[in-house]
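Worksheet: one structure, shown below.
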Amino acid sequence: MMNQTTSKIGVKTKLSYAVGQMADSASFNLYYCFFLYFLTDFAGMNPALAGMISLIAILWDAVTDPIIGYISDNLKSKYGRRRPMILAGAIPYGISVFLLFNNIDLGGNAQFFYFLAVALLFWTSFTTYDIPFFSLGAELSEDFNERTSLRAWSSVFMYLASMLATALPPILLSKLQGSGYSSDFAWNFIGVLFMAITILAGLVCWNFTRGKEDKIDWSEVKDKAKMNFFTNYISAFKLKPVKWLLLSVFSVALIAAVVSNSSMYMMNHVLGFSAEKQSLSFIIYTIVNLGWIPVVNILSQKVDKKYAYAIALGVSAATALIVVIMGYDMYTRLVSNYAIYIVFLTISSFGTCAFWTLYFAMMYDLCEVDEFVNGTRKEGTLSALTSFFQKLGAASASWLTGMLLAKGGYDAALAVQTIEAKHMIFNIFNLVPLIGIVIGILAILKYPMTKKRFYALLKALKLKRAGKEYSTDGFKELL
């Protein structure tokens, strides 16, 4: 059916694939950190309505994930299943990020529906790029550790993209407005910049991974009982390891998005950071995460991916618990010393670094479980399922953040927020993540995949592919 490589991935391939992560992550992080803030504080939209736009758009995106995954798995193009869709998604994805940050003076319902329509375009094109991109990663190697290495390389570029998306906007807004330009012009400039980054990085990945996809013999596939759309996803979801991974992904993605959504409110209204200090915080956050990546990579090879993931999340949970126990007054007094704030930031970022580095690497390992149980490889389907739950968590976070801000009495027109609003922002930033992290840890500890079981499965799968006798000893827990 296909020629799946088990060899090491070359440096050029890892690098070009990792650059593609910048296209995935730059505009993605810009959206989560600034779109809600842009709508409330610059476009003048009610926080609940702004949160509703993100909820609808990201839920729509989650719905399109399975469709794109199915199309990607079954695309019969002479150029492959993944790269044509990567190209088709990258260009509109870049254009839509520019349109997102245009404060067109429409007013009332027209403003709401404009931003909703553009957000729907943004997330549809994102999915068209994102699902085939991650599916391609699973095809580059069957090796347990090489897949982790590939995700580690990708994580480096993910955090570089994150640094650009989080650190640049505050400083650009401050500098451009200080030079006499309007805030609308500043946001347009930011939109053009990230449009260029997204499209160029996507084209690099598309061009330099040429020839690296699996070769599918579709005549052989036709002889098999092909699954329809719904059976395709039901069969994948029934796999024992899938459910626990998806629950953990949903929980941790929710808290990661809550932190991103609320970070500007926290730094502006609770901590009172200047634009320069906000940008510095995001830069330090990125540098810290780049430092954590090799730690996560080494730890995952020593104790397995799921335990490395759980340990890192446990460190973040402990940090959040300490902050919650301190309470608003003690915490704000303590982190008035910026160095102490950075200490908290450094320790708490360990968990999110492990999440973004490892959860897709763990998903890749499920492709062999799926092939063993169901007889077909569905990288696109599994990527789409994982992405669906990640985005479902993110959509829930956007809605939850907007609703809690409104409930706390947040008013963008006020230069100084009420104490009730500040306390609500503090709880959104700290208490909500603590709850989500605990759920994520408990779920991943139930996830049965380990390195030992994976290689036992792979040995049996190779025998099964060759039509030889095989045993399920050593990996029955996966079935």
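Here the sequence shown is numbered in UniProt numbering, starting from 1 and rising by one per residue. No residue lacks a Cβ here, since even glycine has one placed at the ideal position from N, Cα and C.
In chain order, what residues of the same chain have a beta carbon less than 7 Å from the beta carbon of residue 315, not counting five sequence neighbours either side? 347, 350, 351
Residue 9 burial status per 10 Å Cβ neighbour count (16 or more: buried): buried
Return helix, strand or coil for residue 383, following the three-state DSSP convention. helix
How long is the line joining the alpha carbons of residue 464 and residue 338, rounded to whole angstroms? 59 Å
Of the residues 281, 283, 312, 285, the one placed nearest residue 296, counting alpha carbons only: 312
Could you tell me the alpha carbon to alpha carbon distance between residue 42 and residue 103, rounded to whole angstroms? 8 Å
Cβ-based burial, residue 79 [other Cβ within 10 Å; buried from 16]: exposed
Between the CA atoms of residue 113 and residue 432 - distance to the nearest angstrom: 30 Å
Which residues in the same chain as residue 224 place their Cβ atom closer than 8 Å to its Cβ, once the five residues preceding and following it in sequence are excluded? Note that residue 224 scores a pLDDT of 48, beneath 50, so its modelled location is shaky; the value from the coordinates is reported in the next line. Within the same chain, residue 224 has close Cβ partners 375, 376.
Report the residue ranges of all alpha helix (DSSP H) runs contained in full by the stretch 257-327; include only those spanning at least 4 residues, in chain order. 275-303
Check whether the Cβ atoms of residue 115 and residue 39 lie closer than 8 Å to each other. yes
Starting from residue 157, trace the alpha helix (DSSP H) both ways and give me its first and last residue. 144-178
DSSP three-state label for residue 333, please. helix
Mind checking whether residue 437 and residue 310 have CB atoms under 8 Å apart? no
The ligand COA heavy atoms versus the CB of residue 309: any closer than 7 Å? The model on display carries no ligand, and the ligand COA is accordingly not part of it.
Express the C-alpha separation of residue 128 and residue 429 in angstroms, rounding to a whole number. 31 Å
Relative to the C-alpha of residue 474, which candidate in 458, 468, 467 has its C-alpha closest? 458
How long is the line joining the alpha carbons of residue 153 and residue 420, rounded to whole angstroms? 43 Å
Can you tell me which of the three DSSP states residue 43 falls into? coil
DSSP state of residue 15, grouped into three classes? helix
Cut-off 7 Å between Cβ atoms - residues of its own chain near residue 213, not counting five sequence neighbours on either side: 80, 81, 82, 83, 136, 139
Contacting residues, own chain, Cβ-Cβ under 6 Å from residue 291 (five flanking each side not counted): none
Residue 475 in three-state terms, based on DSSP: coil
The stretch 89-101 / the stretch 159-167 touching (three or more Cβ pairs under 8 Å): no
Would you kindly work out how many angstroms separate the C-alpha atoms of residue 174 and residue 277, rounded to a whole number? 12 Å
When you compare only the Cα positions, how much space is there between residue 515 and residue 441? For residue 515 there is no data in the structure shown, the boundaries of the chain being 1 and 479.
Bounding residues of the alpha helix (DSSP H) (the contiguous stretch that carries residue 191): 183-208
Where does the unbroken alpha helix (DSSP H) through residue 428 begin, and where does it stop? 419-446
Ends of the alpha helix (DSSP H) at residue 81? Segment: none, residue 81 is in no alpha helix (DSSP H) and carries neither H nor E.
If you pair each beta-carbon of the stretch 268-288 with each one of the stretch 185-204, do three or more pairs fall below 8 Å? no
Just the Cα atoms here: how many angstroms apart are residue 68 and residue 179? 44 Å
Please state whether the Cβ-Cβ distance between residue 148 and residue 301 is less than 8 Å. yes
Out of 91, 202, 145, 37, which has the shortest C-alpha to C-alpha gap to residue 15? 202
Neighbourhood of residue 397 by C-beta distance below 7 Å, restricted to the same chain and skipping five residues each side: 254, 257, 258, 261
Within the same chain, show all residues whose beta-carbon is closer than 8 Å to that of residue 186, passing over the 5 residues directly before and after it, in chain order. 172, 173, 176, 177
Is there a C-beta anywhere in chain C that falls below 8 Å from the one on residue 306? No chain C is part of this structure, which consists of one protein chain only.
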